[in-house]
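Colleague: Using our numbering, you'd call the opening residue of the sequence shown number 2 and step up by one each time. Below you'll find the structure I mean.
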Amino acid sequence: MVAGGSGVTDKGVALVTGAGHRLGRAFALALGARGLTVAVHYNSAADEAEDTVRLIRAAGGAADTFQADLSIPGAAEALIDAVSEKHRALDVLVNSAAVMLRTPVGEVTLSDWDSIFALNVRAPFMLSQSAARIMREGSTIINIADLAAFDTWPAYVPHAISKAAVVKMTESLARVLAPRIRVNAIAPGAVLMPEGWDESRTSRLIATTPLKRIGDPKDVVSALLFLLDSDFVTGETIVVDGGRRIRK
């Protein structure tokens, strides 16, 4: 693996959690195209994860799948152990797996709270902590936060709190793991619409976004590749939201 002035650009091993679909798949495909061997994590989306592997291999890359329910205590550490045992290395960790539950204040249950924080906060922290023990000099961790960390969404307050924790976790781990490992985050805005959104809601979202469009996974992938290559950047969160954060 090449680290230093050109970032992670040569062959190494990357683990992408939640890589069977949506942004996780886009990240995995981009890293595979870079020549990294990609460990494609999934929980229940086995067919989708296998399809991600197929796409990477069809493009000349290398990939395999790893199953884990990261909401279960100990699963994150076991996943890192499994990847390390199979590939004997880990150079890039992308903490993409997350849950986004609609939980209006007044209706939030203890189960809602625990499930959100187990996957959105505890899992990426334990993955990062375990990965740091085996990562080589010049490795990088990229957390996927959310615009919600900086905005107020009344129906998604616990989600927003969890993603704000991811931003703080990124800053803290960057300080602790420097200079050996860089840690950064990406906070996507409206890139992929939630399932069930109708056209009118999407139209309103576009109308209130300064750049007047919905994002594309490639917009977030570009931020990922920037963070992969920029070895003088750590502890930062890049917001990719078409300007929604500044619309007021």
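Positions of the beta carbon are idealized from the N, C-alpha and C atoms, including for glycine. Every value quoted in this text rests on a predicted model; they were computed, and no experiment measured them.
1) By a C-beta neighbour count over all protein chains shown, 10 Å radius and 16 as the cutoff for buried, is A4 buried or exposed?
2) Quick one: complete alpha helix (DSSP H) runs, 4+ long, within the segment 184 to 237?
3) Does the segment 50 to 60 come within contact of the segment 121 to 136, defined as at least 3 CB pairs closer than 8 Å?
4) Thinking C-alpha only, which one of R134, W114, A208 is nearest R163?
5) The beta strand (DSSP E) that contains A40, what's its start and end?
6) Along the chain, where does the beta strand (DSSP E) containing F67 start, and where does it finish?
7) Give the straight-line distance between the Cα atoms of L148 and L226, rounded to the nearest whole angstrom.
8) Would DSSP call V93 helix, strand or coil?
9) Could you check whether A188 and T235 sit closer than 8 Å to each other, using their CB atoms as the reference points?
10) Among the candidates H42, D242, L24, V54, whose CA atom is the shortest distance from the CA of D152?
11) Using a Cβ-Cβ cutoff of less than 6 Å, which residues in the same chain neighbour M101 once the five nearest sequence positions on both sides are dropped?
12) Going by the beta-carbon positions, is the gap between S97 and I135 smaller than 8 Å?
13) Can L16 and A34 be called in contact, C-beta distance under 8 Å?
14) Under three-state DSSP, which class holds S72?
15) Whole-angstrom Cβ separation of G19 and A99, contact assumed at under 8 Å?
16) Please state the DSSP three-state secondary structure of L16.
17) Please say whether I215 and A186 have beta carbons closer to each other than 8 Å?
18) In the DSSP assignment, what are the bridge partners of S140?
19) Please state whether DSSP places V109 in a helix, a strand or coil.
20) Cβ atoms of I81 and S140: under 8 Å apart, would you say?
Modeller: To lay it out plainly:
1) On the sequence shown, residue 4 is found 3 positions in, with the first residue counted as 1. Its pLDDT being 44, under 50, A4 is placed unreliably by the model, and the measurement read from it follows with that caveat. Answer is buried; the Cβ neighbour count reaches 16.
2) Entirely contained in the segment 184 to 237, the alpha helix (DSSP H) runs reaching 4 residues are, in chain order, 200 to 208, 218 to 230.
3) No, the segment 50 to 60 is not in contact with the segment 121 to 136.
4) What you label residue 163 is simply residue 162 of the sequence shown in a count that begins at 1. Checking the sequence shown, residue 163 turns out to be Ser, not Arg. Relative to the Cα of S163, the nearest Cα in the group R134, W114, A208 belongs to W114.
5) Here the question's residue 40 lines up with position 39 in the sequence shown. Its beta strand (DSSP E) spans residues 38 to 43.
6) Looking up residue 67 in the sequence shown gives position 66. Its beta strand (DSSP E) spans residues 63 to 68.
7) Stepping through the sequence shown from its first residue, residue 148 is reached at position 147. Stepping through the sequence shown from its first residue, residue 226 is reached at position 225. The alpha-carbon atoms of L148 and L226 are separated by roughly 19 Å.
8) The residue given as residue 93 occupies position 92 in the sequence shown. In the displayed model, V93 falls within a strand according to three-state DSSP.
9) The count along the sequence shown starts at 1 and reaches residue 235 at position 234. The count along the sequence shown starts at 1 and reaches residue 188 at position 187. No, they are not a contact pair.
10) Working through the sequence shown from its first residue, we reach residue 152 at position 151. The shortest C-alpha separation from D152 is found at D242.
11) Residue numbering aside, residue 101 sits at position 100 when the sequence shown is read from its first letter. Within the same chain, H160 come within 6 Å of M101 by CB-CB distance, once the 5 residues on both sides are set aside.
12) Taking the first residue of the sequence shown as position 1, residue 97 is located at position 96. Taking the first residue of the sequence shown as position 1, residue 135 is located at position 134. Contact: no.
13) The count along the sequence shown starts at 1 and reaches residue 16 at position 15. The count along the sequence shown starts at 1 and reaches residue 34 at position 33. No.
14) Counting from one through the sequence shown, the residue named residue 72 turns up at place 71. Collapsing the DSSP output to three states places S72 in coil.
15) Residue mapping note: residue 19 aligns to position 18 of the sequence shown, counting from 1. Residue mapping note: residue 99 aligns to position 98 of the sequence shown, counting from 1. 7 Å between Cβ atoms; contact.
16) For this step, residue 16 is matched to residue 15 along the sequence shown. Correct three-state label for L16: strand.
17) Mapped onto the sequence shown, residue 186 falls at position 185. Mapped onto the sequence shown, residue 215 falls at position 214. Cβ distance not < 8 Å, so A186 and I215 don't count as in contact.
18) Counting from 1 along the sequence shown, the entry for residue 140 is found at position 139. I182, per the DSSP bridge assignment.
19) Numbered from 1 along the sequence shown, position 108 holds the residue referred to as residue 109. Three-state result, V109: coil.
20) The sequence position of residue 140 within the sequence shown is 139, counting from 1. The sequence position of residue 81 within the sequence shown is 80, counting from 1. Their beta carbons are not under 8 Å apart, which means S140 does not touch I81 by this criterion.
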